[in-house]
Amino acid sequence: MTSLRAVLAFNMKNQRHFLGISQSKLAEKVNTSTHYIGMIENKKKFPTPEMLERIAAALEIDAPALFSTKNYPLIGTVENFKEQVMHDISLVLSQRIREFGQELSTENHQND
663 MTSLRAVLAF
673 NMKNQRHFLG
683 ISQSKLAEKV
693 NTSTHYIGMI
703 ENKKKFPTPE
713 MLERIAAALE
723 IDAPALFSTK
733 NYPLIGTVEN
743 FKEQVMHDIS
753 LVLSQRIREF
763 GQELSTENHQ
773 ND
């Protein structure tokens with residue numbers, strides 16, 4: 663059984679990507695923090711009804727569509743899902759590489 667948080671996170675993220683907007687842009691549109699949007703998309707927070715309506719409006723959908731599991735109309739094709747997974751992996755790897763580079767830089771400065 664799929665949880666409401668999982669469905670909401672999945673639909674938000676996919677609709678956001680469909681529109682080509684970042685978490686930061688969505689947060690700006692709904693007048694909240696990027697961190698809060700990230701927490702919703704990571705299933706750690708659940709928004710109030712008022713916030714759900716603001717998120718839906720910013721994502722250009724009706725609020726109930728945020729909880730739709732029927733054919734996942736917001737997602738598109740399996741190919742789009744694969745693209746999203748690869749994009750997420752790429753983001754994580756890029757972040758880890760940057761962190762590793764910063765660690766190396768710090769070590770080099772300490773050894774000078």
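Here my numbering is used: the first residue of the sequence shown is 663, the next is one more, and so on.
For every residue, glycine included, the Cβ atom is placed at its ideal position computed from N, Cα and C.
Proximal residues to residue i (C-beta, below 8 Å), its chain only, five neighbours per side dropped
i, result
"Glu-671", "Inspection of the sequence shows that residue 671 is occupied by Ala rather than by Glu. If we look at Ala-671 and ignore the five residues flanking it on each side, its Cβ neighbours are Ile-702, Glu-703, Asn-704 and Lys-705."
"Phe-729", "Leu-666, Val-669, Leu-670 and Asn-673"
Where residue i sits in the DSSP three-state scheme
i, result
"Asp-724", "coil"
"Ser-695", "coil"
"Ser-686", "helix"
"Asn-676", "helix"
"Pro-711", "helix"
"Asn-704", "coil"
"Pro-735", "For Pro-735, the predicted structure reports a pLDDT of 42, less than 50, and the residue's modelled location is therefore unreliable. A value from the coordinates is still provided. The answer is coil: DSSP assigns Pro-735 none of H, G, I, E or B."
"Ser-752", "helix"
"Ser-665", "coil"
"Ser-767", "helix"
Residue i and residue j closer than 9 Å at C-beta
i, j, result
"Ala-725", "Glu-715", "yes"
"Ala-713", "Val-692", "In the sequence as presented, Ala is not what sits at residue 713; that position holds Met. Contact: yes."
Cβ shell of residue i (< 7 Å), same chain only, five flanking positions each side left out
i, result
"Tyr-734", "Confidence is the limiting factor: at Tyr-734 the pLDDT is only 49, short of 50, which leaves the residue's position unreliable and the question unanswerable from this model."
"Ser-686", "Thr-696"
"Lys-707", "Tyr-698 and Met-701"
"Glu-745", "none"
Same chain, Cβ closer than 6 Å to residue i, five either side skipped, listed in chain order
i, result
"Asn-700", "The sequence given here places Gly at residue 700; Asn does not occur at that position. Around Gly-700: Gln-685."
- Item | Cβ contact (3+ pairs, closer than 8 Å) linking the region 716–726 and the region 674–683 | yes
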